[in-house]
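The structure appears below as structure tokens.
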Amino acid sequence: MWDIYRRKQKIFVEFRNGHKTWVNAFEASLLSLAIKNGLDVEKILNFIQMERFNKNRLYLLNLAIRKGLDENMAIEYAKHDTILYKNTPVVMHLPADKGISILEIFYSEVYKFLNVENKTVVDIGGFVADSAIYFALNGAKKVIMLEPCLKFFEYAIRNVKENNLEEKIILLNAAYGLNEEISLDKTVERILNKDAKQNFNERKIRIYSLEELIKEFNIREAVLKMDCEGCEYNLINENNQILSTFSSIQIEFHHGYEELLEKLKDAGFDVKVELNGKNFGYIYAKRNQK
151 MWDIYRRKQK
161 IFVEFRNGHK
171 TWVNAFEASL
181 LSLAIKNGLD
191 VEKILNFIQM
201 ERFNKNRLYL
211 LNLAIRKGLD
221 ENMAIEYAKH
231 DTILYKNTPV
241 VMHLPADKGI
251 SILEIFYSEV
261 YKFLNVENKT
271 VVDIGGFVAD
281 SAIYFALNGA
291 KKVIMLEPCL
301 KFFEYAIRNV
311 KENNLEEKII
321 LLNAAYGLNE
331 EISLDKTVER
341 ILNKDAKQNF
351 NERKIRIYSL
361 EELIKEFNIR
371 EAVLKMDCEG
381 CEYNLINENN
391 QILSTFSSIQ
401 IEFHHGYEEL
411 LEKLKDAGFD
421 VKVELNGKNF
431 GYIYAKRNQK
């Protein structure tokens, strides 16, 4: 099972025309999806074999097929790092093997809980601006995105520019925190401290609290999305009045939810929790009517 999860388990496939090959579990799921949608499986297989070491394009292909494109259009979109969302082509460049977020955001729509229309969105843990672009395409008035990792931030700049969303999305190479020192998970591989020094290639970045963001960008009514590999727990120390700026909040938590749940309830939010593991999942919070 672990090998299948890591896409290393090989599956033998034999086509009606006699063609035989081996694919991994993820590739087999793509072929199954192509068959289900009545596509030319040979063309899909040829593209899979050509892009086997560029899994992001296979994720893009997966999304294109799920959006109902034929095999030629699906391959063309994937070749050019493009997806189709609400009948709009969206360019989405990604770091190696990080394409799963595209399916989560643009197909599963994991952020559909947040009503962003005509609102400002504070996007903490913006990655490559995939969620920021999603919010912009769903009618957000403005998106303020924080991403501390320079590699991801450079992808975000490119994606926002190529989708002509510079007027709607403000990109900050910055982190979120309150304490004198915050530590993010090893998957992010960095330690940040309050005076904006980053112990990573001697590069300095700023750390914002929600209060600082609200004041600096004159935010009045907003929505908050957090997916920042552990920094979400700094929210516990925010002033309740600051949190009341947000009509709805969605947090991906990584080390349990109890303190976050208690904080948001105390700040006047109705809160639901979705567990996807022992200590991992989502918090959905909606502010009670004032």
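If you're matching positions, the sequence shown starts at 151 in this note's numbering and goes up one per residue. All C-beta atoms, glycine included, are put in the ideal place defined by N, C-alpha and C.
- Measuring C-alpha to C-alpha distances from N389 to each of C378, I364, H404 identifies I364 as the nearest.
- Using a Cβ-Cβ distance cut-off of 8 Å, the stretch 246 to 260 and the stretch 190 to 208 are in contact, since at least three pairs of beta carbons, one from each stretch, lie closer than that value.
- Note that the stretch 255 to 262 touches the stretch 282 to 300; at least 3 beta-carbon pairs, one per stretch, sit closer than 8 Å.
- Counting C-beta atoms within 10 angstroms of its own C-beta, E297 has 16 or more neighbours from the protein chains shown and is therefore classed as buried.
- The closest CA to that of N237, considering only I250, K229, M223, is found on M223.
- Cα atoms of T232 and D416: separation of roughly 43 Å, rounded to the nearest angstrom.
- Bridge pairing for I357: A325 [DSSP].
- Going by DSSP, N222 is part of the alpha helix (DSSP H) stretching over 221 to 229.
- In this structure, DSSP gives A279 a state outside helix and strand, which the three-state scheme calls coil.
- One thing to note: Q400 has its Cβ within 8 Å of the Cβ of I433.
- At the C-beta level, G289 and E267 come within 8 Å of one another.
- In the structure shown, the three-state DSSP call for Y261 is coil.
- Pairing F430 with A325, the inter-Cα distance amounts to about 21 Å.
- Take the alpha-carbon of H404 and the one of S397: they are about 23 Å apart.
- Membership of V293 in the beta strand (DSSP E) is indicated by the continuous run 292 to 296.
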